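Undergrad:
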Amino acid sequence: MDLITNNIGFGLVLTYIAFKIGIKVKKRFAVALANPLLIGIVTIIAFLLLFDIPYENYKSGGDVIHFFLGPATVILAVPLYRQIKELKKNMLPILTGVLIGSLSALVMVAAASKFAGLEPSIAASLMPKSVTMPIGLELSEALGGVTAITVISIVVTGLTGAVFAEKTVGFFKIKNEVAQGIGIGTSAHALGTTKAVEMGDVQGGMSGLASGLTGIFTAILAPFIYRLFF
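Residue numbering for the sequence shown follows the working numbering, starting at 1 and increasing by one per position.
#1: With a cut-off of 9 Å, does the C-beta of L99 fall near any C-beta of chain D?
#2: So is L126 buried or exposed if we call it buried at 16+ other beta carbons inside 10 Å?
#3: Excluding the five sequence neighbours on either side, which residues of its own chain have a C-beta within less than 6 Å of the C-beta of G101, listed in chain order?
#4: Would L228 and L37 qualify as a contact pair, given that the criterion is a beta-carbon distance under 9 Å?
#5: Give a single yes or no on whether T218 has its beta carbon closer than 8 Å to a heavy atom of the ligand MG.
#6: Would you call the CB atoms of G161 and A188 closer than 9 Å?
#7: Taking the alpha carbon of V178 as the point to measure from, which residue in G204, E56, K195 has its own alpha carbon closest?
#8: My understanding is that I225 touches A110, with C-beta atoms under 8 Å, so please give their C-beta distance in whole angstroms.
#9: Identify whether D63 lies in helix, strand or coil by the three-state DSSP scheme.
#10: With D201 as the anchor, note down where its alpha helix (DSSP H) starts and where it stops.
#11: Go ahead and label P128 buried or exposed: buried means 16 or more other beta carbons lie within 10 angstroms of its beta carbon, across all protein chains shown.
#12: Tell me the DSSP secondary structure of I53 in three-state form.
#13: Please tell me whether I135 and G22 are closer than 9 Å, where the distance is taken between their beta carbons.
#14: Below 8 Å on the Cβ atoms is my contact criterion, and I expect V202 with G183 to pass it. Report the Cβ-Cβ distance as a whole number of Å.
#15: Tell me, please, whether the segment 12-20 touches the segment 44-58 by the rule of three or more beta-carbon pairs shorter than 8 Å.
#16: Would you give the residue range spanned by the alpha helix (DSSP H) that T150 belongs to?
#17: Check this for me: beta carbons of D63 and G11, under 9 Å apart or not?
#18: Spatial neighbours of L95 within its chain, please: CB distance less than 8 Å, with the 5 preceding and 5 following residues excluded, ordered by chain position.
#19: Cα-Cα, which of V156, K85, A112 is closest to I39?
#20: Please classify A148: is it buried, with 16 or more other beta-carbons within 10 angstroms of its beta-carbon, or exposed?
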(Lines of atoms letter the chains of each structure in order from A and count residues from 1; the text may use other names and numbers.)
(Lines give C-alpha, C1' and ligand atoms only; values in the text may rest on other atoms or scores of the structure.)
Protein backbone atom coordinates (compact mmCIF):
# COMPACT_ATOMS: atom_id res chain seq x y z
CA MET A 1 0.00 0.00 0.00
CA ASP A 2 2.89 2.39 0.81
CA LEU A 3 4.20 1.89 -2.72
CA ILE A 4 0.89 3.21 -4.07
CA THR A 5 0.22 5.96 -1.57
CA ASN A 6 3.69 7.32 -0.86
CA ASN A 7 3.88 9.63 -3.88
CA ILE A 8 2.55 12.97 -5.09
CA GLY A 9 0.08 11.41 -7.49
CA PHE A 10 -1.87 9.65 -4.72
CA GLY A 11 -2.85 12.88 -2.99
CA LEU A 12 -3.80 14.54 -6.26
CA VAL A 13 -5.94 11.65 -7.49
CA LEU A 14 -7.65 11.13 -4.13
CA THR A 15 -8.51 14.83 -3.88
CA TYR A 16 -9.91 14.87 -7.41
CA ILE A 17 -12.06 11.78 -6.87
CA ALA A 18 -13.32 13.02 -3.49
CA PHE A 19 -14.34 16.37 -4.95
CA LYS A 20 -16.07 14.71 -7.93
CA ILE A 21 -18.04 12.62 -5.47
CA GLY A 22 -18.99 15.82 -3.67
CA ILE A 23 -20.22 17.40 -6.90
CA LYS A 24 -22.34 14.35 -7.76
CA VAL A 25 -23.88 14.32 -4.27
CA LYS A 26 -24.59 18.06 -4.59
CA LYS A 27 -26.43 17.48 -7.87
CA ARG A 28 -28.35 14.52 -6.44
CA PHE A 29 -29.39 16.13 -3.16
CA ALA A 30 -30.18 19.84 -3.41
CA VAL A 31 -29.61 20.59 0.28
CA ALA A 32 -27.30 23.11 1.93
CA LEU A 33 -25.17 20.49 3.68
CA ALA A 34 -24.39 18.76 0.37
CA ASN A 35 -21.41 21.03 -0.16
CA PRO A 36 -18.78 19.47 -2.48
CA LEU A 37 -15.86 20.67 -0.36
CA LEU A 38 -17.38 19.38 2.87
CA ILE A 39 -18.18 16.03 1.28
CA GLY A 40 -14.70 15.88 -0.23
CA ILE A 41 -13.04 16.49 3.15
CA VAL A 42 -15.14 13.81 4.84
CA THR A 43 -14.45 11.36 2.01
CA ILE A 44 -10.67 11.86 2.18
CA ILE A 45 -10.56 11.54 5.97
CA ALA A 46 -12.72 8.39 5.87
CA PHE A 47 -10.53 6.84 3.16
CA LEU A 48 -7.29 7.54 5.05
CA LEU A 49 -8.71 6.14 8.29
CA LEU A 50 -10.28 3.09 6.65
CA PHE A 51 -7.06 1.99 4.97
CA ASP A 52 -4.78 3.26 7.75
CA ILE A 53 -2.86 5.55 5.40
CA PRO A 54 -0.60 8.13 7.08
CA TYR A 55 -1.60 11.74 6.51
CA GLU A 56 1.95 12.49 5.35
CA ASN A 57 1.41 10.20 2.35
CA TYR A 58 -1.59 12.25 1.27
CA LYS A 59 0.01 15.60 2.14
CA SER A 60 2.71 15.38 -0.52
CA GLY A 61 0.03 15.59 -3.20
CA GLY A 62 -2.17 17.92 -1.17
CA ASP A 63 0.67 20.42 -0.97
CA VAL A 64 0.65 20.72 -4.76
CA ILE A 65 -3.01 21.75 -4.64
CA HIS A 66 -2.26 24.12 -1.77
CA PHE A 67 0.40 25.80 -3.91
CA PHE A 68 -2.23 26.80 -6.46
CA LEU A 69 -4.65 28.26 -3.89
CA GLY A 70 -3.13 31.72 -4.23
CA PRO A 71 -3.24 31.92 -8.05
CA ALA A 72 -6.72 30.36 -8.10
CA THR A 73 -8.03 33.15 -5.89
CA VAL A 74 -7.37 35.60 -8.74
CA ILE A 75 -10.34 34.11 -10.64
CA LEU A 76 -12.61 35.95 -8.19
CA ALA A 77 -11.74 39.12 -10.10
CA VAL A 78 -13.85 37.93 -13.07
CA PRO A 79 -17.31 38.36 -11.48
CA LEU A 80 -16.05 41.59 -9.91
CA TYR A 81 -15.08 43.01 -13.30
CA ARG A 82 -18.55 42.25 -14.60
CA GLN A 83 -20.05 44.31 -11.77
CA ILE A 84 -17.66 47.27 -11.95
CA LYS A 85 -20.58 49.73 -12.29
CA GLU A 86 -22.10 48.51 -9.03
CA LEU A 87 -18.71 48.91 -7.37
CA LYS A 88 -18.32 52.51 -8.48
CA LYS A 89 -21.88 53.35 -7.46
CA ASN A 90 -21.56 51.87 -3.97
CA MET A 91 -17.87 52.46 -3.21
CA LEU A 92 -18.25 54.17 0.20
CA PRO A 93 -20.86 51.76 1.65
CA ILE A 94 -18.82 48.78 0.43
CA LEU A 95 -15.55 49.97 1.97
CA THR A 96 -17.29 50.93 5.22
CA GLY A 97 -19.12 47.62 5.47
CA VAL A 98 -16.05 45.49 4.81
CA LEU A 99 -13.91 47.53 7.21
CA ILE A 100 -16.45 47.23 10.04
CA GLY A 101 -16.98 43.53 9.30
CA SER A 102 -13.24 42.80 9.32
CA LEU A 103 -12.66 44.77 12.51
CA SER A 104 -15.59 43.21 14.36
CA ALA A 105 -14.47 39.68 13.40
CA LEU A 106 -10.98 40.31 14.78
CA VAL A 107 -12.21 41.93 17.98
CA MET A 108 -14.75 39.19 18.68
CA VAL A 109 -12.20 36.40 18.21
CA ALA A 110 -9.59 38.17 20.34
CA ALA A 111 -12.09 39.04 23.08
CA ALA A 112 -13.58 35.54 23.17
CA SER A 113 -10.10 33.98 23.29
CA LYS A 114 -9.08 36.28 26.12
CA PHE A 115 -12.30 35.56 28.04
CA ALA A 116 -11.86 31.80 27.58
CA GLY A 117 -8.26 31.94 28.76
CA LEU A 118 -6.79 30.60 25.52
CA GLU A 119 -3.08 30.81 24.85
CA PRO A 120 -2.05 33.81 22.73
CA SER A 121 -0.79 31.43 20.03
CA ILE A 122 -4.26 29.87 19.76
CA ALA A 123 -5.88 33.29 19.52
CA ALA A 124 -3.39 34.24 16.80
CA SER A 125 -4.31 31.06 14.95
CA LEU A 126 -8.04 31.86 15.03
CA MET A 127 -7.94 35.56 14.19
CA PRO A 128 -7.44 35.11 10.40
CA LYS A 129 -10.51 32.81 10.17
CA SER A 130 -12.42 35.13 7.80
CA VAL A 131 -9.75 35.57 5.11
CA THR A 132 -8.63 33.35 2.26
CA MET A 133 -6.18 30.56 3.04
CA PRO A 134 -2.97 32.05 1.55
CA ILE A 135 -3.40 35.33 3.45
CA GLY A 136 -4.61 33.61 6.61
CA LEU A 137 -1.63 31.27 6.84
CA GLU A 138 0.91 34.06 6.34
CA LEU A 139 -0.84 36.22 8.92
CA SER A 140 -1.05 33.37 11.43
CA GLU A 141 2.68 32.71 11.14
CA ALA A 142 3.46 36.41 11.54
CA LEU A 143 1.42 36.56 14.76
CA GLY A 144 2.98 33.39 16.15
CA GLY A 145 -0.05 31.16 15.55
CA VAL A 146 -0.34 27.46 14.74
CA THR A 147 -1.01 27.11 11.04
CA ALA A 148 -2.80 23.76 11.40
CA ILE A 149 -5.40 25.41 13.64
CA THR A 150 -5.65 28.33 11.22
CA VAL A 151 -6.41 25.97 8.35
CA ILE A 152 -9.22 24.35 10.31
CA SER A 153 -10.71 27.67 11.40
CA ILE A 154 -10.64 29.09 7.86
CA VAL A 155 -12.20 25.98 6.34
CA VAL A 156 -14.93 25.77 9.01
CA THR A 157 -15.72 29.48 8.61
CA GLY A 158 -15.90 29.23 4.83
CA LEU A 159 -17.99 26.07 4.86
CA THR A 160 -20.40 27.59 7.38
CA GLY A 161 -20.84 30.57 5.10
CA ALA A 162 -21.25 28.44 1.99
CA VAL A 163 -23.84 26.23 3.67
CA PHE A 164 -25.88 28.83 5.53
CA ALA A 165 -25.33 32.09 3.60
CA GLU A 166 -28.50 31.96 1.54
CA LYS A 167 -30.69 30.97 4.49
CA THR A 168 -29.14 33.70 6.66
CA VAL A 169 -29.78 36.33 4.01
CA GLY A 170 -33.38 35.17 3.77
CA PHE A 171 -33.86 35.03 7.54
CA PHE A 172 -32.73 38.64 7.98
CA LYS A 173 -34.65 39.71 4.86
CA ILE A 174 -31.63 41.28 3.16
CA LYS A 175 -32.98 42.16 -0.28
CA ASN A 176 -30.15 44.29 -1.67
CA GLU A 177 -27.91 42.09 -3.85
CA VAL A 178 -24.82 44.20 -3.21
CA ALA A 179 -25.32 43.91 0.56
CA GLN A 180 -25.80 40.17 0.25
CA GLY A 181 -22.52 39.73 -1.60
CA ILE A 182 -20.54 42.03 0.69
CA GLY A 183 -21.83 40.27 3.79
CA ILE A 184 -20.98 36.81 2.47
CA GLY A 185 -17.51 37.73 1.18
CA THR A 186 -16.55 39.60 4.35
CA SER A 187 -17.54 36.79 6.68
CA ALA A 188 -16.82 33.65 4.65
CA HIS A 189 -14.02 34.56 2.17
CA ALA A 190 -13.59 32.54 -1.04
CA LEU A 191 -15.62 29.52 0.03
CA GLY A 192 -18.59 31.72 0.82
CA THR A 193 -18.08 33.44 -2.51
CA THR A 194 -18.70 30.16 -4.32
CA LYS A 195 -22.21 30.24 -2.86
CA ALA A 196 -22.61 33.94 -3.65
CA VAL A 197 -21.80 33.21 -7.30
CA GLU A 198 -24.62 30.65 -7.33
CA MET A 199 -26.99 33.28 -5.93
CA GLY A 200 -26.31 35.75 -8.74
CA ASP A 201 -23.73 37.74 -10.70
CA VAL A 202 -23.99 40.81 -8.47
CA GLN A 203 -23.66 38.78 -5.27
CA GLY A 204 -20.71 36.87 -6.70
CA GLY A 205 -18.86 39.98 -7.84
CA MET A 206 -19.40 41.84 -4.60
CA SER A 207 -18.47 38.81 -2.51
CA GLY A 208 -15.21 38.39 -4.44
CA LEU A 209 -14.42 42.05 -3.86
CA ALA A 210 -15.27 41.81 -0.16
CA SER A 211 -13.12 38.71 0.22
CA GLY A 212 -10.09 40.52 -1.18
CA LEU A 213 -10.68 43.69 0.84
CA THR A 214 -11.20 41.66 4.01
CA GLY A 215 -7.81 40.07 3.49
CA ILE A 216 -6.18 43.50 3.16
CA PHE A 217 -7.97 45.05 6.14
CA THR A 218 -7.37 41.99 8.32
CA ALA A 219 -3.67 41.90 7.50
CA ILE A 220 -3.39 45.57 8.53
CA LEU A 221 -5.59 45.47 11.63
CA ALA A 222 -4.82 42.04 13.10
CA PRO A 223 -1.39 42.89 14.60
CA PHE A 224 -2.84 45.92 16.40
CA ILE A 225 -5.86 44.02 17.73
CA TYR A 226 -3.63 41.14 18.83
CA ARG A 227 -1.30 43.44 20.76
CA LEU A 228 -4.29 45.24 22.29
CA PHE A 229 -5.60 42.03 23.85
CA PHE A 230 -2.38 40.06 24.38
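C-beta atoms are modelled at their ideal positions from N, C-alpha and C, and glycine is treated no differently. Bear in mind that the values here come from a model prediction, so they are computed numbers and not experimental data.
TA: The structure says:
#1: Among the chains of the structure shown, chain D does not appear; only one protein chain is present.
#2: buried
#3: T186
#4: no
#5: Ligands in the displayed structure: none, and consequently the ligand MG is not present.
#6: yes
#7: G204
#8: 5 Å
#9: helix
#10: 201-229
#11: buried
#12: coil
#13: no
#14: About 13 Å; that fails the 8 Å criterion.
#15: yes
#16: 147-171
#17: yes
#18: L213
#19: V156
#20: exposed
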